[in-house]
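Peer 1: One gets the working numbering by counting positions in the sequence shown from 1 and adding 109 to each.
Glycine included, C-beta positions come from ideal geometry on N, C-alpha and C.
Remember, predicted model here, so these are calculated numbers, not experimental data.
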Amino acid sequence: VAKVVRGFAVPDADAWPLLQAWNARCVPPWNDAELRDKMANAHKYGSEPYGATLDAPPPARQDRAELPRAAADWRAERGAGDPPGELDDAPPVEGDGGEPAPLAVPVEALGWLDLHPPPLPLLLACDDGTGGRAPFLALGKVALLAAPGGAGKTQALLQLAVAVASGRPWLDRYHVQAPGPVLFLAAEEDDGELHRRVRRVADALDLAPAERAAVARRLHCAPLHGKGAALALLDNAAHRFEPARLAPSAIWHRIAWTLETAPGGEPWRLVILDPAARWMPPDAELDPKIATTFVEVLEALAVCGLDGGPGAAVLVAHHANKQALRGDTDQGASRGTSALTDGVRWQANLDRVPLADGKPHPSRVRLRVVKCNYAPAVAFETLELEKDQDKGGVLCPCQDAVADAAGEKDDEALENHREKLNVRQAGVNERVRQADEVREKLRAHDEKEPPPLELEKRQAWQKARDRLVKDLEQAERSAKKARNDLLEKQAELAALERAQERNASKGGSKGSKGRDKAAGGGDDY
110 VAKVVRGFAV PDADAWPLLQ AWNARCVPPW NDAELRDKMA NAHKYGSEPY GATLDAPPPA
170 RQDRAELPRA AADWRAERGA GDPPGELDDA PPVEGDGGEP APLAVPVEAL GWLDLHPPPL
230 PLLLACDDGT GGRAPFLALG KVALLAAPGG AGKTQALLQL AVAVASGRPW LDRYHVQAPG
290 PVLFLAAEED DGELHRRVRR VADALDLAPA ERAAVARRLH CAPLHGKGAA LALLDNAAHR
350 FEPARLAPSA IWHRIAWTLE TAPGGEPWRL VILDPAARWM PPDAELDPKI ATTFVEVLEA
410 LAVCGLDGGP GAAVLVAHHA NKQALRGDTD QGASRGTSAL TDGVRWQANL DRVPLADGKP
470 HPSRVRLRVV KCNYAPAVAF ETLELEKDQD KGGVLCPCQD AVADAAGEKD DEALENHREK
530 LNVRQAGVNE RVRQADEVRE KLRAHDEKEP PPLELEKRQA WQKARDRLVK DLEQAERSAK
590 KARNDLLEKQ AELAALERAQ ERNASKGGSK GSKGRDKAAG GGDDY
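1) Among V478, R574, A409 and P244, whose alpha-carbon lies nearest the alpha-carbon of W366?
2) What number of angstroms, rounded off, separates the C-alpha of N593 from the C-alpha of Q543?
3) If you check the beta carbons only, do T491 and L253 fall under 9 angstroms apart?
4) Within its chain, find whatever has a CB closer than 6 angstroms to the CB of C507; leave out the 5 residues flanking it on each side and keep chain order.
5) Using 8 angstroms as the cut-off, can you tell me whether the stretch 233-244 makes contact with the stretch 256-267, which would need three or more C-beta pairs spanning the two stretches below that distance?
6) Say yes only if the C-beta of Q534 is nearer than 8 angstroms to one or more non-hydrogen atoms of the ligand NAP, and no if none qualify.
7) Near L233, what residues of its chain come up, given a Cβ to Cβ distance below 7 angstroms and the 5 sequence neighbours on each side ignored?
8) Could you confirm whether any beta carbon from chain C is found closer than 9 angstroms to the beta carbon of D580?
9) Roughly how many whole angstroms lie between the Cα atoms of S156 and N150?
10) Could you tell me the boundaries of the alpha helix (DSSP H) in which P318 lies?
11) Return the first residue and the last residue of the alpha helix (DSSP H) that E302 is part of.
12) Are the CB atoms of V453 and V404 within a distance shorter than 9 angstroms?
13) Mind pulling the beta strand (DSSP E) runs of 3 or more residues that sit fully within the stretch 226-295?
14) Quick check on the burial criterion: 16 or more other C-beta atoms within 10 angstroms. Buried or exposed for C135?
15) In three-state DSSP terms, what is W366?
16) Which same chain residues, not among the five before or five after A465, have their C-beta less than 8 angstroms away from its C-beta?
17) Check A213 in the structure and name its three-state DSSP category.
18) If you check the beta carbons only, do P318 and L340 fall under 9 angstroms apart?
19) Note the first and the last residue of the continuous alpha helix (DSSP H) segment covering A400.
20) At the level of alpha carbons, what is the spacing between W221 and T401?
21) Any idea what DSSP makes of G116, helix, strand or coil?
22) Distance check for E217 and E375, CA to CA, integer angstroms please.
23) Per the DSSP calculation, L424 is bridged to which residue(s)?
24) If you run the structure through DSSP and keep just helix, strand and coil, what is W183?
25) Whose C-beta lies closer than 8 angstroms to the C-beta of P397 among residues of the same chain, with five residues either side of it excluded?
26) Per DSSP, which residues does Q456 bridge with? Please list them.
27) Can you round the beta-carbon distance between P469 and R475 to whole angstroms, since I take them to be within the 8 angstroms contact cut?
28) Going by Cα to Cα distance, which pick from V380, A325 and A535 is closest to A588?
29) Can you tell me the Cα-Cα spacing of V307 and L127, whole angstroms?
30) Pick helix, strand or coil for K598, following the three-state DSSP scheme.
31) Given a cut-off of 9 angstroms on the beta-carbon distance, is the pair V110 and K147 in contact?
32) Going by beta-carbon coordinates alone, are I399 and V380 separated by less than 9 angstroms?
33) Give me the Cα-Cα distance between P561 and R567, rounded to the nearest whole angstrom.
34) Out of curiosity, what's the CA-to-CA distance linking L605 and E597?
35) Nearest to N538 by CA position, among A274, A272, E585 and K336, is which residue?
36) Output the distance between the C-alpha atoms of Y154 and A393, rounded to the nearest integer angstrom.
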């Protein structure tokens, strides 16, 4: 503000629309009263003489074609090489004739239509149900694990780190396709706490001596509690009237430098950053542009591979939003702007398992893939996990959940499943009722529309209507989500009943009672 009204000596009448346009691009913007106060304070307290910026000589401009040579001269004078993995903002590479080289080439020149494409490089694979393996988590990509605080995301990530380092399946379910070094960056933990947690995981998994030695050699931990871990910083000092830009921080360059090395001759396989809030630049949860740039900064780490390799998978832990705390989890479960979920290639949610009364189960969580760009997310089963307190809280697949998947639940468990479905049906009915109630309020509100000339009344009416429309959209989304969850649970119940019928037909003692219920036309959902 002071630069405009004092440095450029712009009259207030001309400065006001300029500052309004600039203010609209700020996050958060000032209101008009605050902006006028800033202008008044610039006149009253500003120390810069009026017109000082106009009197200063313009900064020297350098021909863009000379920038690469100038940068090389600067590095040569200081004996410095190119920073590893630095985000490239250089001019286009010149061709033989001095003109810019083309950014893309025809597919014909690459032979893509004649050659078989290389397989997708995988970190983890899952069983595809036919005895084969299906992609689960790819190398060289950015991924996200969203969960409420205290749900166990750090525990799950530590178990993943140990699994990749040792080659053990993660959570006894997901197969490690590329064992190797892991970089675990814990921004909330100190040395002692991270030491205790790593030791508990290694002991609980009962690793063989060779596996334990592999973990000791491959797992690299950085406890960064209290040290400041933002990967990118705002860099807008020279762009007062432009949106804020991000510049990679010193810690980003240290991580990139680390990933350019090969511990023991093995390429890095996994980088874990826990939690995202400590690694994000300011306002990344509010501003989609900053969030997207943050994902680009992570992608730059993911491609720090050696000799043209795929690079490591970069997995970020993030807190869930308030809606997810109530159990309504999908791609929008991560806190803040949706640009973060849109930017990553894979997202899984770690949800608390709700009890019949709606309260979270004290020791059970559910892992669910909600986004995967390399396979349909619906193809992945939901994995129910239990915290084994006898082993320091390590996450293990629930034994009864495994039995559910195999269709081996007893009749009492089937009855419990039906009761839970009744509770879910009641929840669907309640959400539909709430949506109908908001819809009726909106209809009644529209009937009271004031005349067009009564501007103040019409503005208040429109504001109230916008709130009702937003409430209706949220209520309809909630009802749709509840219906989809109910359909999923109905399908699970039908599968369990069919499994009991199969067991009964084989002469097993289990399932006879369930078969009688099915034949008698039990609850119809």
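Peer 2: So, from the listed chains and residues:
1) A409
2) About 17 angstroms.
3) no
4) E493 and E495
5) no
6) Absence of the ligand NAP from the depicted structure is noted, as is the absence of any ligand whatsoever, leaving it without description.
7) F245, L246, W279, Y283, H284, V285 and Q286
8) The structure shown contains no chain C; it holds only a single protein chain.
9) 11 angstroms
10) P318 to R327
11) D300 to A313
12) yes
13) 231-236, 242-247, 251-256 and 291-295
14) Exposure of C135 is indicated by the presence of fewer than 16 other C-beta atoms within 10 angstroms of its C-beta.
15) helix
16) E528, K529 and V532
17) coil
18) no
19) The continuous alpha helix (DSSP H) containing A400 extends over residues P397 to A411.
20) 30 angstroms
21) helix
22) So the two alpha carbons sit approximately 34 angstroms from each other.
23) Beta-bridge partners of L424 (DSSP): A252 and I381.
24) Because the pLDDT of W183 is 44, which lies under 50, any placement of that residue in the model is unreliable, and the number read from its coordinates should be weighed accordingly. In the structure shown, W183 sits in a helix (DSSP, three-state: H, G or I).
25) T446, S447 and A448
26) L253 and K480, per the DSSP bridge assignment.
27) Not quite, the Cβ-Cβ distance comes to about 11 angstroms (not below 8 angstroms), so this is no contact.
28) A535
29) V307 and L127: Cα-Cα distance of roughly 56 angstroms.
30) In this structure, K598 counts as helix in the three-state DSSP scheme.
31) yes
32) No; because the gap between Cβ atoms is not below 9 angstroms, this pair is not in contact.
33) A direct Cα-Cα distance of roughly 7 angstroms separates P561 from R567.
34) 13 angstroms
35) E585
36) Take the alpha-carbon of Y154 and the one of A393: they are about 33 angstroms apart.
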